[in-house]
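**Q**
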Amino acid sequence: MAKRKKAKASAMASCCGSMLCPKCLGLSIGLIWAIAVFVMSMLSATGYSPTFMSIINETYLGTGPGLMGSLIGLAYGFVDGFIGGYLVAWVYNKICKC
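The numbering used here applies: residue 6 is where the sequence shown begins, and numbers increase by one.
1) Hey, quick one: how far does the alpha helix (DSSP H) through A39 stretch, first residue to last?
2) With distances taken between CB atoms, is the gap from G90 to A41 smaller than 8 Å?
3) Determine the closest residue to L72 out of Y97, S46, M58, with distance taken between C-alpha atoms.
4) What is the DSSP secondary structure of G82, counted as helix, strand or coil?
5) If you reduce the DSSP assignment to three classes, tell me which class Y102 lands in.
6) DSSP on C75, reduced to helix/strand/coil?
7) Under a three-way DSSP split, which group does L92 fall into?
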């Protein structure tokens with residue numbers, strides 16, 4: 006059975022070049038987006054980028070300037086980024102099948 010999996014993986018790799026790991030891409034994008042939302046939320050407490058914060062507030066309920074709003078944005082950002090990254094990798098792998 007292991008040989009069959011390797012053969013299938015190598016056939017797919019030769020056709021597409023490589024496959025993406027949905028979980029890894031989801032975690033990577035989730036972490037990057039969560040940190041970005043957190044930092045921008047903290048910076049918005051000083052008056053920096055009110056336009057970005059208004060968009061984030063409309064998208065992620067409960068976010069806002071300050072520590073508590075930034076932590077809520079961190080959680081929303083991670084979940085949103087993880088789902089988006091996972092779906093991108095999943096669709097890529099489905100399209101890449103030969």
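Each residue gets a CB set at the ideal place from its N, CA and C atoms; glycine is no exception.
**A** Result, derived from the coordinates:
1) 27-49
2) no
3) S46
4) helix
5) Sequence inspection shows Lys at residue 102; the Tyr mentioned does not correspond to that position. DSSP places K102 in coil when its eight states are reduced to three.
6) In the sequence on display, residue 75 carries Ser and not Cys. Here S75 sits in helix by DSSP.
7) helix
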